[in-house]
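To start, the structure itself, in structure tokens.
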């Protein structure tokens with residue numbers, strides 16, 4: 122404001138004190154209140170006291186700096202020059218009334234500017250951009266704060282009686298917008314007792330207005346420069362030579378132009394089934410000790426045999442290798458069976474781009490770090506047999522505790538559990554208690570509605586088709602991390618990989634009814650319940666008055682002296698008699714079938730493994746013990762088509 126201060130004006134000295142606000146008193150009664158931030162980094166989550174809502178020094182974020190736009194500087198300068206007070210911050214209490222008892226120059230004559238945030242509701246989306254749904258299938262919503270300038274339609278200035286008839290509070294109108302409780306608003310106002318402004322002509326083009334806008338422009342440029350300085354200190358925002366200085370703190374330097382680079386392929390070892398992570402900076406070499414390091418992290422997902430990644434020579438003097446030369450890992454990685462470069466190395470045309478340098482610096486820090494949450498997560502996740510790791514800090518609400526929830530590929534062996542404990546002891550920070558836990562399974566009942574090509578298949582071929590489908594679906598769901606989402610599109614794609622299936626839809630039930638997609642709760646992994654409920658039809662469909670054909674596969678233990686043929690003949694007679702007695706409104710189920718064919722003198726049925734397959738004009742349904750029924754319609758009838766015994770070892 123020195124450029125527009127009248128001659129003879131002088132500043133009042135700022136009050137001393139750490140983090141206190143100095144006041145710049147204008148001779149005509151206006152006051153500018155600015156923040157002098159305390160030394161040290163701003164604390165995340167602490168409400169800023171000056172600037173736009175959430176602002177820190179000048180008007181940045183709680184833990185950062187954000188330059189003011191030129192129109193805001195002009196607005197605040199005009200208000201100050203005409204006797205107003207700008208950029209005072211008030212916390213919004215509960216209710217519609219905000220008492221302005223913390224304003225320096227209260228009572229107030231009018232509020233010229235009021236800015237804060239309002240909450241808007243929008244659907245919650247995950248990292249992939251998909252809608253998040255709850256257990257009932259409803260879309261989850263979130264409240265998002267949005268910057269908002271309040272107008273006379275949203276609030277009015279009123280008197281509470283504390284200052285007599287003077288107005289000292291803001292009341293938000295019932296029909297307008299209001300900020301959420303606990304948020305802050307920035308107030309520009311004119312006090313009731315301000316002296317007349319000596320400058321009265323502030324119209325566009327006047328001398329005072331021209332000088333004011335010139336000063337505001339310079340201030341805006343200075344703050345943009347400060348913003349560039351601030352951003353140059355962070356890995357995500359630094360550029361060029363500033364980024365070189367930042368990454369030098371973790372021992373990383375930009376690769377100059379001319380450094381050889383090659384595409385290196387990592388191949389999964391035979392018998393490896395889990396998720397394999399190859400960290401950035403993994404070194405591969407050839408027989409002549411030419412060393413290349415990967416520039417980005419690489420992940421081999423479940424079912425992926427190999428992937429390529431860019432690797433660069435560790436120094437400009439390293440020779441450009443021929444195809445197939447890079448065939449050895451400097452440090453073995455669990456699950457990786459082979460590594461090679463399928464094409465010869467070539468010199469890079471220019472220096473390493475900023476994005477690649479940032480990625481390499483982040484990876485170098487994660488690999489070298491000890492005692493961080495990322496070090497614990499990545500260190501344990503890189504062990505073969507570990508599917509995923511979830512880290513929870515302060516699980517009991519107390520500092521100094523970390524909970525690791527580990528998801529394994531199947532049942533972990535004692536050796537794997539010992540290696541996990543050893544890795545945690547190697548990486549955990551001193552004085553911090555790390556508790557190991559296992560992710561809990563979330564059972565999911567799966568209903569698969571399949572349409573088979575042509576007239577479909579039946580009997581043993583149908584059972585083989587359904588079993589293979591269950592294997593594919595179980596592999597997809599089992600590979601999901603804790604809290605992961607099983608999506609119908611993934612399951613349908615797995616089903617349609619069989620050419621005998623022309624259409625497939627899935628319903629997953631975790632306790633709230635079948636849903637097309639379900640998300641496991643935090644700390645849980647989805648686990649499908651087998652066998653599935655299969656609703657099978659063909660492209661020709663099913664008509665009324667159908668004859669339901671039943672195929673039975675029955676595991677049994679034979680009684681002494683009874684042959685398999687005798688048992689099968691007796692069971693077939695009992696089953697056909699039972700089916701002939703079924704009428705409209707009755708149901709075919711494993712429970713009813715086992716009760717009908719029971720014969721303790723000849724065999725004992727292994728009830729848990731009994732499977733019934735029903736077919737009605739091309740529509741198939743697989744039934745298991747306690748899972749699935751086939752209801753007969755008004756004109757339907759049932760007939761036993763086949764009974765197959767699976768004789769188990771041992772007696773009755």
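Numbering (the numbering used here), first residue to last: 122 to 773.
From the three backbone atoms N, C-alpha and C, an ideal C-beta is built for every residue, glycine too.
These numbers come from a predicted model, not from an experiment.
- Per the C-alpha coordinates, the member of 412, 453 and 382 positioned closest to residue 398 is 453.
- The beta carbon of residue 245 lies closer than 8 Å to those of 252, 253, 260, 261, 262 and 263 in the same chain, with the five residues before and after it left out.
- With fewer than 16 other beta carbons inside 10 angstroms of its own, residue 370 counts as exposed.
- Shortest Cα-Cα distance from residue 418 to any of 426, 401, 429 and 427 involves 401.
- When DSSP states are grouped into helix, strand and coil, residue 454 belongs to the coil group.
- Judged by DSSP secondary structure, residue 523 falls within the beta strand (DSSP E) whose first and last residues are 522–529.
- Judged by beta-carbon spacing, residue 284 lies within the 9 Å limit of residue 228, meaning their Cβ atoms are closer than that value.
- For residue 617, the number of other beta carbons within 10 angstroms of its own is below 16, and it is reported as exposed.
- When only Cα atoms are considered, residue 297 and residue 642 end up about 38 Å apart.
- Residue burial is scored here from C-beta neighbours: residue 509 has at least 16 other C-beta atoms within 10 angstroms and is therefore classed as buried.
- Residues of the same chain with a CB within less than 8 Å of the CB of residue 269, apart from the 5 flanking positions on each side, are 236, 237, 238, 239, 298 and 300 in chain order.
- Secondary structure at residue 201: helix, using DSSP grouped into helix, strand and coil.
- Between residue 638 and residue 607, the CB-CB gap stays under 9 Å.
- Taken through DSSP and simplified to helix, strand or coil, residue 345 comes out as helix.
- Counting only residues of its own chain and dropping the five nearest sequence neighbours on each side, residue 258 has a CB closer than 6 Å to the CB of 636.
- In the displayed model, residue 279 falls within a strand according to three-state DSSP.
- The straight-line gap separating the alpha-carbon atoms of residue 623 and residue 743 is approximately 19 Å.
- If you check the CB distance, residue 709 and residue 678 do not come in under 9 Å.
- For residue 314, the secondary structure class from DSSP, reduced to helix, strand or coil, is coil.
- Boundaries of the beta strand (DSSP E) harbouring residue 630: 622–630, taken from the DSSP string.
- Per DSSP, the beta-bridge partners of residue 709 are 751.
- Residue 430 places its beta carbon 9 Å or farther from that of residue 376.
- If you draw a 10 Å sphere on the C-beta of residue 192, you find fewer than 16 other C-beta atoms in it, and that means exposed.
- Classified as exposed, residue 249 has fewer than 16 neighbouring CB atoms from the shown chains inside 10 Å of its CB.
- Relative to residue 600, the option among 562, 186, 320 and 571 whose CA is nearest is 562.
- In this model, residue 225 and residue 255 are separated by some 48 Å (Cα to Cα).
- In the DSSP assignment, residue 254 forms a beta bridge with 260.
- Around the beta carbon of residue 757, 16 or more other beta carbons sit within 10 angstroms, so the residue counts as buried.
- Taking residue 731 as the centre and dropping the five residues before and after it, the same chain places the C-beta of 673, 674, 675, 676, 711, 714, 715, 745 and 746 closer than 8 Å to its C-beta, in chain order.
- Between residue 718 and residue 696, the CB-CB gap stays under 9 Å.
- Judged by DSSP in its simplified three-state form, residue 767 adopts strand.
- A residue is called buried when at least 16 other Cβ atoms come within 10 angstroms of its Cβ; residue 767 does not meet this threshold and is exposed.
- Here residue 437 carries a coil assignment [DSSP, helix/strand/coil].
- For residue 587, the secondary structure class from DSSP, reduced to helix, strand or coil, is helix.
- Around the CB of residue 588, fewer than 16 other CB atoms lie within 10 Å, so the residue is classed as exposed.
- For residue 427, the beta-bridge partners assigned by DSSP are 388.
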